[in-house]
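Asks:
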Amino acid sequence: MKALRLGVYCDPINPAPSTFKSSPIFMDARKNNLACIRAQQSKTKDVPIITTSSNVSVIEELKSKDWEIGVLKDEIAATQGIRIRRRPPTAPPLHYVGPLELLLQNEGNSPRNILEEIVWNKDVEVTQMKERYPLFSLKEALNSAPPSRDFVGALKASYLRTGVPGLIAEVKKASPSRGVLREDFHPVEVAKAYEKGGAACLSVLTDSKYFQGGFENLEAIRNAGVKCPLLCKEFIVDAWQLYYGRAKGADAVLLIAGVLPDLDMKYMLKICKMIGLTALVEVHDENEMDRMLAIDGIELIGINNRNLETFEVDISNTKKLLEGERGEKIRQKDIIVVGESGLFTPADIAYVQEAGVKAILVGESIVKQKDPTQGIIELFGKDISA
0 MKALRLGVYC DPINPAPSTF KSSPIFMDAR KNNLACIRAQ QSKTKDVPII
50 TTSSNVSVIE ELKSKDWEIG VLKDEIAATQ GIRIRRRPPT APPLHYVGPL
100 ELLLQNEGNS PRNILEEIVW NKDVEVTQMK ERYPLFSLKE ALNSAPPSRD
150 FVGALKASYL RTGVPGLIAE VKKASPSRGV LREDFHPVEV AKAYEKGGAA
200 CLSVLTDSKY FQGGFENLEA IRNAGVKCPL LCKEFIVDAW QLYYGRAKGA
250 DAVLLIAGVL PDLDMKYMLK ICKMIGLTAL VEVHDENEMD RMLAIDGIEL
300 IGINNRNLET FEVDISNTKK LLEGERGEKI RQKDIIVVGE SGLFTPADIA
350 YVQEAGVKAI LVGESIVKQK DPTQGIIELF GKDISA
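When we follow numbering that gives the first Met the number 0, the leftmost residue of the sequence shown carries the number 0, and every step to the right adds one.
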């Protein structure tokens, strides 16, 4: 049985830090919300919280506590400048594992932007998947998973070899902002074309609903013998996803600072290190950058030039976040900065490289090309495969 910590599921062998429970923020949030939480939970009349089975009773208590802590997490996250709520504000039924659309019919449960909608849907999706693939089975699967490859080392080697930022090429069929990017989408073929074109690493979209990806694509690419280290491009809301991605062959994973509060981020980083995943930590603004620079153990920071709330793109965001003291801290910590979104031309690459970027993550501008290998040549203005 998994033990519960603040906002994340973990097992008793590797528990998350619990000191936060005694902090003033937690206690104040709990005091202010507990009455409301209990009132909302009491609306569920058809599902008893306590049953005659002791095992079921414990499970129901955990589900109840999970929702309660989720509400508190949103308030805690808000104190850190996080605007994305992790779940709809009104109480779901304790047994709820149905579609997100049904849950959103409750008054006040409209997501404020596409990222929040994706996160809410992911929370429901992960709950369903955890029923099918319990954590203990994933831990067993890690024993037979392919060995982790050096994601950071591949980017550094590419930069030294080519003199331009190492390329993380994205295997992506579609996106919420652009729709379908490639109709004849064959993930293994695209991955091999990227590798042939000189990509240092690959990013594989695993979200099915919004990006038409899947973990089966990640697994297929790994099993096809592609040598580039693989990033699991997923919206991580639960440590369970890290184990699942690693079991499917991932060498690295994306962690979004705009979704994960500091305590969750530290815990996710701990799990990544334990199971052999490199974490690419993504930031969008000054507040997120400052939060992540205050956390030890981060090797890769991705600066996303796309506002995931509005989908507007501005590549000058990279330069802004790397100026002054922030840039100095990044150099002192020897963090590799990855430029993300809005990169289409050699001039774009040169701009972010001058700002301090040593790797880039690119999808749309190359996956749309009939020949993705040629698309990489056009992106850099030269052949980087030699």
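We treat Cβ as the ideally placed atom computed from N, Cα and C, and that holds for glycine.
Here the structure is a predicted model, which is why all the values come from computation and not from measurement.
Can you round the beta-carbon distance between A358 and I167 to whole angstroms, since I take them to be within the 8 Å contact cut?
Replies: Locating residue 358 in the sequence shown gives position 359, counting from the first residue. Locating residue 167 in the sequence shown gives position 168, counting from the first residue. At roughly 6 Å, the Cβ-Cβ gap stays under 8 Å, so A358 and I167 are in contact.
Asks: Is E339 helix, strand or coil when you go by DSSP?
Replies: Position 340 of the sequence shown holds residue 339. Of the three classes helix, strand and coil, the one that applies to E339 here is strand, per DSSP.
Asks: Going by beta carbon distance, what residues of the same chain come within less than 7 Å of G275, once the five residues before and after it are set aside?
Replies: Stepping through the sequence shown from its first residue, residue 275 is reached at position 276. S147 and R245, listed in sequence order.
Asks: Is S174 helix, strand or coil by DSSP?
Replies: As a first step, residue 174 must be located in the sequence shown, where it is residue number 175. Here S174 sits in strand by DSSP.
Asks: Give me the Cα-Cα distance between E285 and A293, rounded to the nearest whole angstrom.
Replies: Locating residue 285 in the sequence shown gives position 286, where the first residue counts as 1. Locating residue 293 in the sequence shown gives position 294, where the first residue counts as 1. The alpha-carbon atoms of E285 and A293 are separated by roughly 12 Å.
Asks: Given a cut-off of 8 Å on the beta-carbon distance, is the pair L386 and S202 in contact?
Replies: This structure cannot settle anything about residue 386, because the visible part of the chain is limited to 0 through 385.
Asks: Roughly how far, in whole angstroms, is the beta-carbon of L279 from the beta-carbon of A249, given that I think they are within contact range, below 8 Å?
Replies: Translated into positions along the sequence shown, residue 279 becomes position 280. Translated into positions along the sequence shown, residue 249 becomes position 250. The pair is not a contact, with the Cβ atoms about 11 Å apart (cut-off 8 Å).
Asks: What residue does the alpha helix (DSSP H) around A238 start on, and which one ends it?
Replies: Here residue 238 refers to the residue found at position 239 when the sequence shown is read from its first residue. Note, A238: alpha helix (DSSP H), A238 to A246.
Asks: Taking the beta strand (DSSP E) that A199 belongs to, which residues open and close that run?
Replies: The count along the sequence shown starts at 1 and reaches residue 199 at position 200. First-last for A199: undefined, no H or E at that position.
Asks: Does the beta-carbon distance from I300 to V337 come in below 8 Å?
Replies: As a first step, residue 300 must be located in the sequence shown, where it is residue number 301. As a first step, residue 337 must be located in the sequence shown, where it is residue number 338. The answer is yes: Cβ separation under 8 Å.
Asks: In whole angstroms, what is the alpha-carbon distance linking F135 and V123?
Replies: Mapped onto the sequence shown, residue 135 falls at position 136. Mapped onto the sequence shown, residue 123 falls at position 124. Each residue's Cα considered, the two are about 20 Å apart.
Asks: Would A190 and V170 qualify as a contact pair, given that the criterion is a beta-carbon distance under 8 Å?
Replies: As a working note, residue 190 is residue 191 in the sequence shown. As a working note, residue 170 is residue 171 in the sequence shown. Result yes, Cβ atoms of A190 and V170 sit closer than 8 Å.
Asks: Should V118 and I81 be called a contact, given that it needs their Cβ atoms to be closer than 8 Å?
Replies: As a first step, residue 118 is located in the sequence shown; it is residue number 119 there, counting from the start. As a first step, residue 81 is located in the sequence shown; it is residue number 82 there, counting from the start. In this structure, I81 does not lie closer than 8 Å to V118 by Cβ.
Asks: Just tell me which of D370, I334 and E130 has its CA closest to the CA of D183.
Replies: The sequence position of residue 183 within the sequence shown is 184, counting from 1. Comparing Cα positions, the closest option is D370.
Asks: Taking the alpha-carbon positions, what's the V356 to S157 distance?
Replies: Here residue 356 corresponds to residue number 357 of the sequence shown, with the count starting at 1. Here residue 157 corresponds to residue number 158 of the sequence shown, with the count starting at 1. Going from the Cα of V356 to the Cα of S157 covers about 13 Å.
Asks: For K138 versus Y209, is the C-beta distance shorter than 8 Å?
Replies: By one-based count along the sequence shown, residue 138 stands at place 139. By one-based count along the sequence shown, residue 209 stands at place 210. In this structure, Y209 does not lie closer than 8 Å to K138 by Cβ.
Asks: Measuring only the C-alpha atoms, how far is N216 from L154?
Replies: The residue you call residue 216 lines up with position 217 of the sequence shown. The residue you call residue 154 lines up with position 155 of the sequence shown. Straight-line Cα distance between these residues: approximately 22 Å.
Asks: Which same chain residues, not among the five before or five after K247, have their C-beta less than 6 Å away from its C-beta?
Replies: For the purposes of this step, residue 247 is taken as the residue at position 248 of the sequence shown. For K247, where only same-chain residues beyond five positions count, the Cβ hits under 6 Å are F214, L217 and E218.
Asks: Suppose you measure from the CA of Q368 to the CA of T126; what does that come to, to the nearest Å?
Replies: In the sequence shown, counting from the first residue as 1, residue 368 sits at position 369. In the sequence shown, counting from the first residue as 1, residue 126 sits at position 127. Going by the C-alpha atoms only, they are around 37 Å apart.
Asks: For the beta strand (DSSP E) containing I255, list its first residue and its last residue.
Replies: On the sequence shown, residue 255 is found 256 positions in, with the first residue counted as 1. Per DSSP, I255 belongs to the beta strand (DSSP E) from A251 to I255.
Asks: Between I235, L378, H283 and Y193, which has its C-alpha nearest Y266's C-alpha?
Replies: Working through the sequence shown from its first residue, we reach residue 266 at position 267. With distances taken between Cα atoms, Y266 lies closest to I235.
Asks: In the DSSP output, which residue or residues are listed as bridge partners for N316?
Replies: Position 317 of the sequence shown, counted from the start, is the residue given in the question as residue 316. Paired residue(s): none; N316 is not in a bridge.
Asks: Starting from T372, trace the alpha helix (DSSP H) both ways and give me its first and last residue.
Replies: Taking the sequence shown and counting its residues from 1, one reaches residue 372 at position 373. Where T372 is concerned, the enclosing alpha helix (DSSP H) stretches over P371 to F379.
Asks: Throw me the rounded Cβ distance for the I302 and T317 pair, which I believe falls under 8 Å.
Replies: Within the sequence shown, the letter at position 303 stands for residue 302. Within the sequence shown, the letter at position 318 stands for residue 317. Correct: roughly 5 Å between the Cβ atoms.
Asks: Among residues of its own chain, excluding the 5 on either side of A76, which ones have a beta-carbon nearer than 6 Å to its beta-carbon?
Replies: If you number the sequence shown from 1, residue 76 lands on position 77. Hits under 6 Å: P260.
Asks: Rounded to a whole number of angstroms, what is the C-alpha to C-alpha distance between M26 and I329?
Replies: Along the sequence shown, one-based indexing puts residue 26 at 27. Along the sequence shown, one-based indexing puts residue 329 at 330. Per-residue confidence for M26 stands at a pLDDT of 48, beneath the threshold of 50, marking its modelled position as unreliable; no derived number is given.
Asks: According to DSSP, simplified to helix, strand and coil, what is D382?
Replies: Position 383 of the sequence shown, counted from the first residue, corresponds to residue 382. Three-state result, D382: coil.
Asks: Leaving out five residues on either side along the sequence, give the residues of the same chain with a beta carbon under 7 Å from the beta carbon of P110.
Replies: By 1-based counting over the sequence shown, the position of residue 110 is 111. Counting only Cβ-Cβ distances below 7 Å, and skipping sequence neighbours, we find E116 and W119.
Asks: Are the CB atoms of N304 and E353 within a distance shorter than 8 Å?
Replies: For the purposes of this step, residue 353 is taken as the residue at position 354 of the sequence shown. For the purposes of this step, residue 304 is taken as the residue at position 305 of the sequence shown. Taking 8 Å as the Cβ cut-off, E353 and N304 do not qualify as a contacting pair.
Asks: Within 10 Å of its beta-carbon, does P47 have 16 or more other beta-carbons around it, so buried, or fewer, so exposed?
Replies: Locating residue 47 in the sequence shown gives position 48, where the first residue counts as 1. At P47, the pLDDT of 38 sits below 50, so the modelled position is not reliable and the matter cannot be decided from this model.
Asks: Answer yes or no: do G197 and S384 have a C-beta to C-beta separation smaller than 8 Å?
Replies: For this step, residue 197 is matched to residue 198 along the sequence shown. For this step, residue 384 is matched to residue 385 along the sequence shown. Cβ atoms of G197 and S384: closer than 8 Å.
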